[in-house]
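J.:
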Amino acid sequence: MEGAPLPELGVVGALVIVVGYLPSANYRLLSANRAAYLEVLAVREASHANDLAAIRDAYRAELVSLRRCVATLKSRIGDLGTELDRESACRRAAEDEAAAARRT
Numbered sequence: 112m113e114g115a116p117l118p119e120l121g122v123v124g125a126l127v128i129v130v131g132y133l134p135s136a137n138y139r140l141l142s143a144n145r146a147a148y149l150e151v152l153a154v155r156e157a158s159h160a161n162d163l164a165a166i167r168d169a170y171r172a173e174l175v176s177l178r179r180c181v182a183t184l185k186s187r188i189g190d191l192g193t194e195l196d197r198e199s200a201c202r203r204a205a206e207d208e209a210a211a212a213r214r215t
């Protein structure tokens, strides 16, 4: 048995070889998976940033629209207040004339 050293290793030798190979294979696999994962992550982050930018732009446009609407409504309220004041003044003047007519 001096001529063949490998068969003498037996099961223990095979286990040592397998245990030595598995971590290196696992490291290569994880490195490849990690690179692919980082690529997918970078693409997803870019997509997410674009989505956020689109949402932010839509939000700003909606705010501008709402501010215009509020300004229009405030203007209409001011106009209605002015009209109400004029109508109240006319009503008071009419009441004063009616009271003066009743007295005479």
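Plus 111 on top of the position in the sequence shown (first one is 1) and you've got my numbering.
Every residue gets a Cβ at the ideal spot worked out from N, C-alpha and C, and that includes glycine.
(1) With a CB to CB cut of under 7 Å and the five nearest residues on each side skipped, what residues in its chain are close to residue 214?
(2) Mapping DSSP to helix, strand and coil, what is residue 183?
(3) Could you tell me the alpha carbon to alpha carbon distance between residue 183 and residue 212, rounded to whole angstroms?
(4) Within a Cβ cutoff of 7 Å, which residues of the same chain sit near residue 168, ignoring the five residues on either side of it in sequence?
T.: By the coordinates alone:
(1) none
(2) helix
(3) 43 Å
(4) none
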